[in-house]
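> Take this structure, written in structure tokens, and hold onto it; I'll ask about it next.
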Amino acid sequence: MKISGTGSVLPKKVVTNEMLSRFLDTSDEWITTRTGVRTRHVISDEKLDEMAVEAAQKALDDAGMNPEDLDFIICSNVVNEYVTPQLSCIIQGGIGAACPCIDINCACAGFIYALEIAESFYKAGKVKNVLVVCAEEPTRMTDWTDRRTCVLFGDGAAAVVLTPGDNIRSIKLSASSSTDKLWQYRILQPTPYITKEEQDVPLQMKGQDVFKFAVKAAGRDISRTLKDAGISPDDVDHYLLHQANIRIVNAIRDYMEQPESKFHSNIEDHGNSSSSSCPILLDECNRKGLFKKGDMVAMSAFGAGFVSGAVLFEW
Ligand code: COA
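Right, here's the structure in full:
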């Protein structure tokens with residue numbers, strides 16, 4: 011397939027490190043040097059499903075496509091206000107499409123997993139035009155008294171329209187179960203029969219373990235896509251990595267031995283917006299006109315599970 015349109019939407023509320031330091035034992039200096047984040051967009055009166063619809067509409071407009079021409083909608087999401095129906099069904103109605111749709115929860119790697127599903131459906135001859143939407147509000151998962159987690163995240167939605175083409179050169183996915191490094195529990199409705207002990211626990215993270223996994227997984231995943239496509243790191247024009255921590259991005263860059271100019275980043279303004287992170291960055295680069303036709307783009311992401319993946323595509 012090929013990416014024919016992109017769109018993204020951010021909540022209007024901007025929270026600075028200084029604002030966080032008013033109620034947390036933290037500082038702009040600590041957050042900036044340890045993570046690279048200075049500000050993040052945080053949901054206040056917005057609804058995530060409405061942001062997702064708007065991002066999808068922008069991607070359709072960018073692609074010049076009518077919603078009725080879509081054959082499939084894939085939405086990547088970890089949490090939102092609905093348990094059911096799935097967010098992709100809400101997006102389908104919001105944009106006026108009529109195709110089947112599916113939600114996936116592959117944490118921060120959801121965009122890469124969604125691309126692989128779209129590409130596989132396309133290769134199987136089942137679809138021609140696919141809308142992928144990532145919509146995430148990780149700021150609703152964290153404990154805002156926990157300085158170790160809440161400073162890292164921001165919210166947002168982003169979408170791409172995929173159409174027939176051979177621009178996606180390789181996608182590699184991986185998963186390695188490690189459920190005690192990054193997780194959250196929620197309590198479901200009680201029943202008269204529940205006897206087990208249940209807890210409502212906000213997002214928990216072993217930051218250094220996640221850091222090590224991220225660098226190793228991204229280096230491996232990107233290398234596998236390059237090998238698959240028969241090209242070298244030097245042949246890649248743009249690296250778009252999951253915006254979780256600028257130190258993780260820099261470590262991956264060192265591993266790839268590539269110049270800083272190829273690594274685009276928006277973590278300073280956005281923080282980690284989970285699976286929306288990569289497509290928001292993609293949309294911003296697209297709208298800034300940073301990509302030329304024929305440019306080779308490598309993208310990678312990792313997240314809770316652990317899951318990870320990389321994609322290599324020609325613009
Ligand atoms: N402000 C000030 N101090 C903080 C802080 C904050 N916001 N958060 C943590 N600290 C403190 C810790 O309490 C610890 O203090 P101590 O030594 O007195 O116990 C100290 O800073 C160092 O903590 P540590 O966890 O070792 O820091 P770190 O350099 O590993 O950075 C992360 C922490 C979370 C920024 C880093 O590990 C990371 O980015 N990991 C990956 C997270 C990620 O990507 N998650 C999403 C995956 S999709």
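Residue numbers for the sequence shown follow our numbering, so the first one is 11 and each next one is one higher.
Each residue gets a CB set at the ideal place from its N, CA and C atoms; glycine is no exception.
(1) Compute the Euclidean distance between the alpha carbons of residue 153 and residue 210, then round it to the nearest angstrom.
(2) Return the CA-CA distance between residue 56 and residue 87, expressed in angstroms with no decimal places.
(3) Need the endpoints of the beta strand (DSSP E) that residue 206 sits in, please.
(4) Within 7 Å: the Cβ of residue 161 and any heavy atom of the ligand COA?
(5) Spell out a yes or no on whether the segment 31-46 and the segment 74-87 are touching, meaning 3 or more CB-CB pairs, one atom from each, closer than 8 Å.
(6) With DSSP as the reference, label residue 132 as helix, strand or coil.
(7) Who pairs with residue 254 in a beta bridge, going by DSSP?
(8) If you scan the segment 120-201 from start to end, which runs of the alpha helix (DSSP H) of 4 or more residues do you find wholly inside it?
(9) What are the complete alpha helix (DSSP H) segments, minimum 4 residues, inside the segment 30-89?
(10) Does the Cβ of residue 282 lie closer than 7 Å to at least one heavy atom of the ligand PLP?
(11) Buried or exposed: residue 203, going by 16 or more other Cβ atoms within 10 Å of its Cβ?
(12) What is the rounded straight-line gap between the Cα of residue 198 and the Cα of residue 59?
(13) Would you give the residue range spanned by the alpha helix (DSSP H) that residue 22 belongs to?
(14) If I measure Cβ to Cβ from residue 322 and keep anything under 6 Å in the same chain, skipping five residues before and after, which residues do I get?
(15) When you compare only the Cα positions, how much space is there between residue 104 and residue 63?
(16) Please return the same chain residues whose Cβ sits closer than 7 Å to the Cβ of residue 262, not counting the five positions on each side in sequence.
(17) Need the endpoints of the beta strand (DSSP E) that residue 300 sits in, please.
(18) The ligand COA and residue 1: does the residue's C-beta get closer than 7 Å to at least one heavy atom of that ligand?
(19) Can you list, in chain order, the residues of its chain with a C-beta nearer than 6 Å to that of residue 243? Leave out the 5 residues immediately preceding and following it.
(20) When we look at the beta-carbon of residue 76 and count the other beta-carbons within 10 Å, is it buried (16 or more) or exposed?
(21) Helix, strand or coil: how does DSSP classify residue 305 here?
(22) Could you tell me the alpha carbon to alpha carbon distance between residue 221 and residue 114, rounded to whole angstroms?
(23) Of the residues 121, 183, 83 and 48, which one's Cα is nearest the Cα of residue 292?
(24) Excluding the 5 residues preceding and the 5 following residue 300 in the sequence, name in chain order all residues of the same chain whose CB lies nearer than 8 Å to its CB.
(25) Report the partner residues of residue 113 according to the DSSP bridge assignment.
(26) The alpha helix (DSSP H) spanning residue 220 covers which residue range?
(27) The beta strand (DSSP E) spanning residue 319 covers which residue range?
(28) Where residue 126 and residue 80 are concerned, what is the direct C-alpha to C-alpha distance, given to the nearest angstrom?
(29) Thinking C-beta only, is residue 281 closer than 8 Å to residue 50?
(30) Quick check: the Cα distance between residue 135 and residue 296, rounded to an integer number of angstroms?
(31) List the whole-angstrom C-beta distance separating residue 157 from residue 35, where the pair is believed to meet the contact cut-off of C-beta under 8 Å.
(32) Select from 151, 14 and 256 the residue whose C-alpha is nearest the C-alpha of residue 212.
(33) Below 8 Å on the Cβ atoms is my guess for residue 312 versus residue 118; work out the distance and round it to an integer in Å.
Let me spell this out:
(1) Working through the sequence shown from its first residue, we reach residue 153 at position 143. Working through the sequence shown from its first residue, we reach residue 210 at position 200. Approximately 11 Å, taken between the alpha carbons.
(2) Within the sequence shown, numbered from 1, the residue matching residue 56 stands at position 46. Within the sequence shown, numbered from 1, the residue matching residue 87 stands at position 77. The alpha-carbon atoms of residue 56 and residue 87 are separated by roughly 16 Å.
(3) Sequence index remark: in the sequence shown, residue 206 carries index 196 (1-based). No beta strand (DSSP E) contains residue 206, which DSSP labels as neither H nor E.
(4) Position 151 of the sequence shown, counting from 1, holds the residue named residue 161. Residue 161 Cβ: within cutoff of the ligand COA.
(5) no
(6) Counting from one through the sequence shown, the residue named residue 132 turns up at place 122. Looking at residue 132 - three-state DSSP - the assignment turns out to be helix.
(7) Position 244 of the sequence shown holds residue 254. For residue 254, which the question treats as bridged, DSSP gives no partner whatsoever.
(8) 120-133
(9) 38-45 and 58-73
(10) Inclusion of the ligand PLP in the displayed structure is not the case, the ligand content consisting of the ligand COA alone.
(11) Your numbering for residue 203 matches position 193 in the sequence shown. So residue 203 counts as exposed.
(12) By one-based count along the sequence shown, residue 198 stands at place 188. By one-based count along the sequence shown, residue 59 stands at place 49. Distance between the alpha carbons of residue 198 and residue 59: 22 Å.
(13) Here residue 22 refers to the residue found at position 12 when the sequence shown is read from its first residue. Per DSSP, residue 22 belongs to no alpha helix (DSSP H) and is neither H nor E.
(14) For the purposes of this step, residue 322 is identified with residue 312 of the sequence shown, where counting begins at 1. If we look at residue 322 and ignore the five residues flanking it on each side, its Cβ neighbours are 179, 180, 235, 239 and 308.
(15) As a first step, residue 104 must be located in the sequence shown, where it is residue number 94. As a first step, residue 63 must be located in the sequence shown, where it is residue number 53. Computed Cα separation, rounded: 6 Å.
(16) Within the sequence shown, the letter at position 252 stands for residue 262. The answer, listed in chain order, is 225, 228, 229 and 251.
(17) The residue given as residue 300 occupies position 290 in the sequence shown. It is not in any beta strand (DSSP E) - residue 300 carries neither H nor E in the DSSP assignment.
(18) The chain is shown only over 11 to 325; residue 1 falls outside these bounds and no answer can be derived.
(19) Here residue 243 refers to the residue found at position 233 of the sequence shown. If we look at residue 243 and ignore the five residues flanking it on each side, its Cβ neighbours are 266 and 268.
(20) For this step, residue 76 is matched to residue 66 along the sequence shown. Per the 10 Å Cβ criterion, exposed.
(21) As a first step, residue 305 must be located in the sequence shown, where it is residue number 295. Here residue 305 sits in coil by DSSP.
(22) Along the sequence shown, one-based indexing puts residue 221 at 211. Along the sequence shown, one-based indexing puts residue 114 at 104. Cα to Cα, the separation comes out at about 24 Å.
(23) For the purposes of this step, residue 292 is taken as the residue at position 282 of the sequence shown. Of 121, 183, 83 and 48, the residue nearest in Cα terms is 121.
(24) Within the sequence shown, residue 300 is the residue found at index 290, counting from 1. Cβ within range, chain order: 248 and 274.
(25) As a first step, residue 113 is located in the sequence shown; it is residue number 103 there, counting from the start. Partner(s): 85.
(26) Within the sequence shown, the letter at position 210 stands for residue 220. Note, residue 220: alpha helix (DSSP H), 217-239.
(27) On the sequence shown, position 309 is the one that residue 319 refers to. Note, residue 319: beta strand (DSSP E), 317-324.
(28) Position 116 of the sequence shown, counted from the first residue, corresponds to residue 126. Position 70 of the sequence shown, counted from the first residue, corresponds to residue 80. Straight-line Cα distance between these residues: approximately 17 Å.
(29) Here residue 50 is taken as the residue at index 40 of the sequence shown, counted from 1. Here residue 281 is taken as the residue at index 271 of the sequence shown, counted from 1. Yes, these two residues count as a Cβ contact at 8 Å.
(30) On the sequence shown, residue 135 is found 125 positions in, with the first residue counted as 1. On the sequence shown, residue 296 is found 286 positions in, with the first residue counted as 1. Taking the straight line joining both Cα atoms gives about 28 Å.
(31) Translated into positions along the sequence shown, residue 157 becomes position 147. Translated into positions along the sequence shown, residue 35 becomes position 25. Correct: roughly 6 Å between the Cβ atoms.
(32) Against the sequence shown, residue 212 aligns to sequence position 202. If we check each option's Cα against that of residue 212, 151 comes out closest.
(33) Residue numbering aside, residue 312 sits at position 302 when the sequence shown is read from its first letter. Residue numbering aside, residue 118 sits at position 108 when the sequence shown is read from its first letter. Sure, about 6 Å apart at Cβ, within 8 Å.
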